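Numbering (our numbering), first residue to last: 43 to 332.
Heads up: the structure comes next, in structure tokens.
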Amino acid sequence: MPNTLVLPKNYVANLDEVYKLASVTSDLTCDATMVRAGANVGEVIYPQIDVTGLGDYDRNTGYTTGAVDLKWKTSKCNYDRGTKISVDVMDDQESEKLAFARGGAELMRTKVAPESDAFTFATIAAMEGISKLEGQDFTDAVQFLEALIDAKNKMDEDEVPEEGRILYATPTLMNGVMALDTTKSREILNCFAIKRKVPQSRFYTAIDLLSGKTGEEAGHYKKNASAKDINFMIIHKPAVMKYDKHVAHDIIPAAMNADADADILKYRKYGLVDVYKNKCAGIFMCTKAK
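So, in structure tokens, the structure goes:
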């Protein structure tokens with residue numbers, strides 16, 4: 043997709059930038075020391091552990107024999123996205139050095155962060171075995187609070203630790219609860235280690251990643267035609283494997299560009315979003331009817 047640059051008549055420091063949040067799912071990124079390279083290209087492996095339970099103790103023969111079952115799960119990286127932005131040095135100079143420097147910042151803020159969040163939520167939403175409450179079109183904050191209590195009860199009964207639970211909810215729902223300003227609402231929100239507002243534009247059960255090629259030159263993502271809007275999601279961080287195997291964020295100056303007198307910014311992210319099979323109870327999702 044070609045650059046569109048309008049050169050300034052008068053330079054102003056205040057830029058007309060798109061309002062966008064930084065990534066809200068960075069809290070889920072795992073400890074890289076728990077991940078190993080797989081035997082094949084594009085694979086990563088990470089541990090899953092299970093142990094046998096107690097048996098009857100016999101005063102003659104002693105203990106029953108238990109076992110630890112440590113397996114390394116192999117998964118293929120499911121996210122490989124990138125782009126290359128090229129800006130002619132004269133265009134950059136005549137735009138008061140804004141085109142290249144601010145263009146890179148805009149890429150990270152308005153495209154990379156939202157897409158990473160949307161992909162993370164959609165991938166988790168598609169996992170089998172997670173807890174779900176579907177078809178909920180809340181009309182007020184009280185209904186949202188009741189649904190949060192139901193979700194908390196479900197996770198408590200499933201013995202998911204309270205420590206490390208993260209609440210992701212749309213700004214409309216979160217702000218509605220904050221507006222109640224009641225002891226009950228504060229107590230419920232305080233049950234969560236972290237609370238994040240997620241714009242609805244990043245909160246779908248499925249998305250389509252646009253190729254950036256013919257017919258989809260603008261790239262980015264869009265809501266899948268069959269997807270539903272997510273109201274809220276509670277995630278116990280240890281239940282999720284979110285791993286960035288490779289992130290490349292390079293700048294190639296025009297002097298090193300053999301093809302054109304232009305500075306180049308390259309960005310690529312390659313990694314994995316998955317849920318531990320034994321920890322699906324650590325995910326609770328509530329969706330709208332559509």
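All residues carry an ideal CB built from backbone N, CA and C; glycine is no exception.
Note that the structure is a prediction, hence the values are computed from the model and not measured.
Taking the alpha-carbon positions, what's the residue 162 to residue 304 distance? 34 Å
Since residue 290 is in the beta strand (DSSP E), which residue starts that stretch and which ends it? 282 to 294
Hey, residue 73 and residue 91: beta-carbon distance below 9 Å or not? Judged by their CB atoms, residue 73 and residue 91 are not nearer to each other than the 9 Å cut-off.
Can you have a look at residue 229 and say buried or exposed, based on whether 16 or more other CB atoms are within 10 angstroms of its CB? Counting Cβ neighbours within 10 Å, residue 229 comes out exposed, since fewer than 16 surround it.
Just checking my contact of residue 321 with residue 281 at CB under 8 Å: how many whole Å lie between their CB atoms? 4 Å
Taking the DSSP output, what are the residues bridged to residue 275? 210, 327
Whole angstroms are fine: how far does the CA of residue 165 sit from the CA of residue 312? 15 Å
Taking all protein chains shown into account, decide if residue 260 is buried (16 or more other Cβ within 10 angstroms of its Cβ) or exposed. exposed
Should residue 50 be labelled buried (16 or more other beta-carbon atoms within 10 Å of its own) or exposed? With a pLDDT of 42 at residue 50, under the threshold of 50, the predicted position of this residue should be treated as unreliable, and no value is reported.
Whether residue 272 touches residue 207 by CB criterion (9 Å): Contact annotation: residue 272 and residue 207 have beta-carbon atoms that are not nearer than 9 Å.
Closest to residue 344 by CA distance: which of 95, 218, 130 is it? Outside the displayed range of the chain (43 to 332) lies residue 344, so it cannot be described from this structure.
Extent of the continuous alpha helix (DSSP H) run through residue 156: 155 to 167
May I ask you to report which of helix, strand or coil DSSP gives residue 85? strand
Nearest by alpha-carbon distance to residue 296: which of 95, 127, 156 is it? 127
Within 10 Å of its beta-carbon, does residue 216 have 16 or more other beta-carbons around it, so buried, or fewer, so exposed? A residue is called buried when at least 16 other Cβ atoms come within 10 angstroms of its Cβ; residue 216 meets this threshold and is buried.
Please go through the same chain and pick out, in chain order, the residues whose beta-carbon is closer than 6 Å to the beta-carbon of residue 248, but skip the five residues on each side of it. 164, 266, 269
How is the beta strand (DSSP E) around residue 116 delimited, first residue to last? 110 to 118
Could you tell me which residues DSSP puts in a beta bridge with residue 128? 306
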